[in-house]
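Counting in our numbering, the sequence shown tops out at residue 1568, every number present. No residue lacks a Cβ here, since even glycine has one placed at the ideal position from N, Cα and C. Note that this is a predicted model, so its numbers are computed, not measured.
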Amino acid sequence: MIAGMVFLRLLVAGHFALPVGYGVPVILLALFRRRRLLWATTFIFALLSVIKFWVLLPEVPSGVHISARGYDFAQGLVVLLDLFLVTAMADLWLVSRRWLEKQNDDLETANTDLAAREEEIARQNEELQSQTEELERQGEELRVANEDLARREKTLEMLLSLARSLHTELSSDEMMERICQTLGLLVNGPGIATAILEQQEDRVVVRCHHGFGPQGVRERSIPMEQSFAALILAKGRTGYIEDLSLRPDLQVPQPVEGAPMAAILAAPLRVQGVPIGSLEVYARQKTSWSQEQVALVESLAAQTSVSLAASRLVQTISQERNRFEAVLRTAPVGIAVCNRDCSDIRLNPVGAALLNVPLDQNIATQMSGGLWPSFKDGQRLPLDLYPILRAARHGEEVHGEEIEMRPRGGRRIVTLTYARPIRDADGAPAGAVELFVDITAIKELQRELDVRRREAEEASQRKTRFLAAVSHDIRTPANAISLLAELIRRTASNAAMVADVPELAQELHDSAVSLVNLLGDVLDVARFDADKVELQETEFSLDDLLREEQKQLLPLARQKGLSLQFNPPAEPIVLRVDRIKLARIIGNLAGNAIKFTESGGVRIDVRNDNGAPEILVSDTGIGIAPEYLDHIFDEFFQLRNPERDRAKGSGLGLTICKRLVDAMGGQLAVRSTVGQGSTFTVTLPSGSVIRGAQAGG
872 MIAGMVFLRL LVAGHFALPV GYGVPVILLA LFRRRRLLWA TTFIFALLSV IKFWVLLPEV
932 PSGVHISARG YDFAQGLVVL LDLFLVTAMA DLWLVSRRWL EKQNDDLETA NTDLAAREEE
992 IARQNEELQS QTEELERQGE ELRVANEDLA RREKTLEMLL SLARSLHTEL SSDEMMERIC
1052 QTLGLLVNGP GIATAILEQQ EDRVVVRCHH GFGPQGVRER SIPMEQSFAA LILAKGRTGY
1112 IEDLSLRPDL QVPQPVEGAP MAAILAAPLR VQGVPIGSLE VYARQKTSWS QEQVALVESL
1172 AAQTSVSLAA SRLVQTISQE RNRFEAVLRT APVGIAVCNR DCSDIRLNPV GAALLNVPLD
1232 QNIATQMSGG LWPSFKDGQR LPLDLYPILR AARHGEEVHG EEIEMRPRGG RRIVTLTYAR
1292 PIRDADGAPA GAVELFVDIT AIKELQRELD VRRREAEEAS QRKTRFLAAV SHDIRTPANA
1352 ISLLAELIRR TASNAAMVAD VPELAQELHD SAVSLVNLLG DVLDVARFDA DKVELQETEF
1412 SLDDLLREEQ KQLLPLARQK GLSLQFNPPA EPIVLRVDRI KLARIIGNLA GNAIKFTESG
1472 GVRIDVRNDN GAPEILVSDT GIGIAPEYLD HIFDEFFQLR NPERDRAKGS GLGLTICKRL
1532 VDAMGGQLAV RSTVGQGSTF TVTLPSGSVI RGAQAGG
């Protein structure tokens, strides 16, 4: 058909347009659904039209009044437009048909899927019906489970409430009473009762009960060997009897009124692993105890055991704490206790008094603030080296360290300190305790004992020197007396020597007097050592006493060419002391001053500025070197007399003066400059002055 159309178009009907002729094969090609061939044929026909109208037909037919090219162009355009319009319509039909076929195929596929889904839905409906029935069955089971769960939840709430109520402040009786009530509510049922039994020696005692009626139990105690608790404690596990009539040998608590108990369920109670009793549930009818009831009783028994153990532990801790606190508060030594990091340090009453701080006050801040520095061996201790801190932080034990504390506002104390850490269950330091003993008095006593020991040693040495000096001083006049007596005896038998007897007798008398004075001084020193000095106090005028002593010593001073002056006070002074001993003191001091003064003079002054009269004996003698001032009052100590010349005295005068002044409660002091002289000052106690008295003898 295409070839025929080509033939007709090019050779037969070449002078007129045949657009319909092209449309027939195009439509037929569209019927075969060949789009590519359709459009290829269309382009071939278009090419043929171009060749025909613009190549093969140059002439214009007669009767047409337009140019040849215009005519050919117009005719060609019409043919091409007609050709492409027909092809486009055919292609649109072809595309539409293919789309419709595709849609039809999709619909058929969808219908097939829908049918399969309907079958699946029908099957699922059947399964859903089956599941609905299963859900209804499970819903019933769930309802039953919910009811059981609600009951268990109520049980747990009651157990939780019981656990919260069992705090350590409750007594054991209150604790057991609450447990009995809770158990009775949990194991609620007709004729149910509960009780807690405790073993006491050979019996079990009902500590608490619930559900036995208003009259309670008939007997509060049961013999141990006849009780069901004995079996429970012997086995150490839960047990029950569904029918007590089968065991007539066993006794259980019975109500005062009402039906007796016919069944029992019991669990043992233990405190620190030791059985102490049982937790028991009773029923007035024969009962098959369920596992839930057994578990509930065992749970409450375990909780009761823990609560009783905690209660007893708290009581033990409280007792130990009270005992420890009593020890702390009554201990006669200072005790400090601190926590792990020493942020809280407390003192017992003695320790607070020693450190001058309020009782029950935390002193950690004051200690770290350096309010009472501590010293060891004269060196200030750093805070980290305080014994209690060393024990708490490093676990160190301190034994017998001497620590000097200097609290502000308090006295300085020396303590003998001990410290030891308080360890936890793992052995780590959890705190520390420090014990410190005030040994200030002991240290002072020790120092005083050291001084006394040195004084005793010096006294022993002085005593040795004293005995040596006494033996020498006594031997000299004694030998002189013996020799002079022998000379007098020989002179008396020789007439030629009779004239020498008076001189020998005078020498014998002087030696005897010297020996007597020496023995008197020695006896005075011995009396002083034995504390047997007796004072004969009288009232007298100090001026009169000093003037008498001046008169007695004035000849001796004039013999050496010295002046002896007495400067009385502005107002007369009346004393009440031992006149004889005070005269001996003044005479001895003034006599020594005259003895050791070669030029110048001796002066006696009296002062009464502060109420305590002072008698000053001054000279212009040789003076005393500073190194001898500490020994000037020792026995037999004499300057410039190494040969122990008796003419220069025995060396006991100043010793006796010092002891006499001390016996009267006064003081004797010396001030001296070598080459310029010395001043001895006798200070009498202010109480020796008679106020407002007239001078008398």
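Between the C-alpha atoms of Ala-1208 and Asp-1231, what's the straight-line distance to the nearest angstrom? In the sequence shown, counting from the first residue as 1, residue 1208 sits at position 337. In the sequence shown, counting from the first residue as 1, residue 1231 sits at position 360. Here residue 1208 is Val; the residue named in the question, Ala, does not match the sequence. Roughly 11 Å between the two C-alpha positions.
Thinking C-alpha only, which one of Gly-1482, His-1502, Gly-1494 is nearest Ser-1557? Locating residue 1557 in the sequence shown gives position 686, counting from the first residue. The candidate whose alpha carbon is nearest that of Ser-1557 is Gly-1482.
So, Leu-1433 versus Ile-1465, is the Cβ gap smaller than 9 Å? In the sequence shown, the residue the question calls residue 1433 occupies position 562. In the sequence shown, the residue the question calls residue 1465 occupies position 594. Yes, Cβ-Cβ distance for Leu-1433 and Ile-1465 is below 9 Å.
Taking the DSSP output, what are the residues bridged to Gln-858? With the chain covering 872 to 1568 only, the question about residue 858 has no answer from this structure.
Going along the chain, which residues of its own chain have a beta-carbon closer than 6 Å to the beta-carbon of Leu-1446, five neighbours each way excluded? As a first step, residue 1446 must be located in the sequence shown, where it is residue number 575. Hits under 6 Å: Leu-1413, Ser-1559.
Can you list, in chain order, the stretches of the alpha helix (DSSP H) that have 4 or more residues and sit fully within the segment 1043 to 1128? 1043 to 1057, 1099 to 1106
When burial is assigned at 16 or more other CB atoms within 10 Å of the CB, is Phe-1195 buried or exposed? Along the sequence shown, one-based indexing puts residue 1195 at 324. When all chains shown are included, Phe-1195 counts as exposed.
Of all the options Asp-953, Leu-965, Arg-1530, which has the alpha carbon lying nearest to the alpha carbon of Arg-907? If you number the sequence shown from 1, residue 907 lands on position 36. Among Asp-953, Leu-965, Arg-1530, the Cα nearest to that of Arg-907 is on Leu-965.
Taking the DSSP output, what are the residues bridged to Gln-1538? As a first step, residue 1538 must be located in the sequence shown, where it is residue number 667. Note: Gln-1538 sits in a beta bridge opposite Thr-1554.
Apart from the five residues on each side of it in sequence, which residues of its chain come closer than 7 Å, Cβ to Cβ, to Gln-1122? Walking along the sequence shown from the start, residue 1122 turns up at place 251. Hits under 7 Å: Ile-1093, Gln-1097, Ser-1098.
Which one of Arg-1108, Glu-1045, Ile-1206 has the shortest CA to CA distance from Tyr-1289? One-based indexing of the sequence shown puts residue 1289 at position 418. When each option's Cα is compared against that of Tyr-1289, the closest is Ile-1206.
Assumed close pair Arg-1291, Glu-1268 - CB separation to whole angstroms, cut-off 8 Å: For the purposes of this step, residue 1291 is taken as the residue at position 420 of the sequence shown. For the purposes of this step, residue 1268 is taken as the residue at position 397 of the sequence shown. With 8 Å as the limit, Arg-1291 and Glu-1268 qualify as a contact, their Cβ atoms being about 5 Å apart.
Per DSSP, what are the beta-bridge partners of Val-1208 in this structure? For the purposes of this step, residue 1208 is identified with residue 337 of the sequence shown, where counting begins at 1. Its beta-bridge partners are Arg-1217, Val-1304.
Whole-Å CB distance - Gly-1471 paired with Thr-1491, under 8 Å assumed: Taking the first residue of the sequence shown as 1, we reach residue 1471 at position 600. Taking the first residue of the sequence shown as 1, we reach residue 1491 at position 620. 3 Å between Cβ atoms; contact.
My guess is that Ile-1451 and Val-1553 are in contact by the Cβ rule of under 8 Å, so how many angstroms apart are they, rounded? Looking up residue 1451 in the sequence shown gives position 580. Looking up residue 1553 in the sequence shown gives position 682. Rounded, the Cβ-Cβ distance is 15 Å, inconsistent with contact.
Is it buried or exposed for Lys-1106, if we count other Cβ within 10 angstroms and need 16 for buried? For this step, residue 1106 is matched to residue 235 along the sequence shown. Its Cβ having fewer than 16 others within 10 Å, Lys-1106 is exposed.
Beta-ladder partner(s) of Met-1276, from DSSP: In the sequence shown, counting from the first residue as 1, residue 1276 sits at position 405. BP columns for Met-1276 point to Ser-1245, Ile-1284.
How many Å lie between Val-931 and Leu-952 at the Cα? Position 60 of the sequence shown, counting from 1, holds the residue named residue 931. Position 81 of the sequence shown, counting from 1, holds the residue named residue 952. Any reading at Val-931 is ruled out, since the residue's pLDDT is 49, under 50, leaving its predicted position unreliable.
Excluding the 5 residues flanking Phe-1551 on each side, which residues of the same chain have their C-beta closer than 6 Å to its C-beta? Within the sequence shown, numbered from 1, the residue matching residue 1551 stands at position 680. Around Phe-1551: Leu-1460, Val-1488, Val-1541.
What is the residue span of the alpha helix (DSSP H) that Ser-920 lies within? Position 49 of the sequence shown holds residue 920. Segment 906 to 922, the alpha helix (DSSP H) holding Ser-920.
To the nearest angstrom, how far is the alpha carbon of Asn-1479 from that of Phe-1437? Along the sequence shown, one-based indexing puts residue 1479 at 608. Along the sequence shown, one-based indexing puts residue 1437 at 566. One C-alpha to the other measures close to 15 Å.
Taking three-plus beta-carbon pairs below 8 Å as touching, is the segment 1216 to 1225 in contact with the segment 1240 to 1253? no
Between which two residues does the alpha helix (DSSP H) holding Leu-1254 run? One-based indexing of the sequence shown puts residue 1254 at position 383. From DSSP, Leu-1254 is part of no alpha helix (DSSP H); its letter is neither H nor E.
Proximal residues to Tyr-1153 (C-beta, below 6 Å), its chain only, five neighbours per side dropped: Numbered from its first residue, the sequence shown carries residue 1153 at position 282. Result list for Tyr-1153: Ala-1064, Met-1132, Ile-1135, in chain order.
Which of helix, strand or coil does DSSP assign to Ser-1470? Locating residue 1470 in the sequence shown gives position 599, where the first residue counts as 1. Of the three classes helix, strand and coil, the one that applies to Ser-1470 here is coil, per DSSP.
Measuring only the C-alpha atoms, how far is Val-1127 from Ile-1216? The residue given as residue 1127 occupies position 256 in the sequence shown. The residue given as residue 1216 occupies position 345 in the sequence shown. Their backbone Cα atoms lie some 59 Å apart in a straight line.
Identity of the residues DSSP links to Pro-1497 by a beta bridge: Locating residue 1497 in the sequence shown gives position 626, where the first residue counts as 1. Paired residue(s): none; Pro-1497 is not in a bridge.
Short check: CB of Ile-1493 to CB of Thr-1468, under 9 Å? Here residue 1493 corresponds to residue number 622 of the sequence shown, with the count starting at 1. Here residue 1468 corresponds to residue number 597 of the sequence shown, with the count starting at 1. A contact, by the Cβ cut-off of 9 Å.
Does DSSP put Thr-1409 in a helix, in a strand, or in coil? Translated into positions along the sequence shown, residue 1409 becomes position 538. Strand, per DSSP.
Can you give me the C-alpha to C-alpha distance between Pro-1513 and Gln-1547, rounded to a whole angstrom? By 1-based counting over the sequence shown, the position of residue 1513 is 642. By 1-based counting over the sequence shown, the position of residue 1547 is 676. Only weak support exists for where Pro-1513 lies, its pLDDT of 45 falling under 50; the value from the coordinates is given anyway. Distance between the alpha carbons of Pro-1513 and Gln-1547 is about 22 Å.
Looking at Gln-1164: is its Cβ nearer than 9 Å to the Cβ of Val-1058? Start at 1 with the first residue of the sequence shown, and residue 1164 comes out as number 293. Start at 1 with the first residue of the sequence shown, and residue 1058 comes out as number 187. Yes.
Straight-line gap, Gly-1129 to His-1081 (C-alpha atoms, nearest Å): For the purposes of this step, residue 1129 is taken as residue 258 along the sequence shown, with counting starting at 1. For the purposes of this step, residue 1081 is taken as residue 210 along the sequence shown, with counting starting at 1. If I take the Cα positions, the gap works out to 14 Å.
Beta-ladder partner(s) of Phe-1437, from DSSP: Start at 1 with the first residue of the sequence shown, and residue 1437 comes out as number 566. DSSP, once it has assigned bridges, lists Ile-1475 as partnering Phe-1437.
Taking 9 Å as the threshold (C-beta atoms), are Leu-1140 and Leu-1179 in contact? Taking the sequence shown and counting its residues from 1, one reaches residue 1179 at position 308. Taking the sequence shown and counting its residues from 1, one reaches residue 1140 at position 269. In this structure, Leu-1140 lies closer than 9 Å to Leu-1179 by Cβ.
Secondary structure of Ala-1296, DSSP reduced to three states: Numbered from 1 along the sequence shown, position 425 holds the residue referred to as residue 1296. Looking at Ala-1296 - three-state DSSP - the assignment turns out to be coil, as it is neither helix nor strand.
What are the residues that DSSP puts in a beta bridge with Val-1488? Along the sequence shown, read from residue 1 onward, the residue named residue 1488 stands at position 617. Answer is Ile-1475, Phe-1551.
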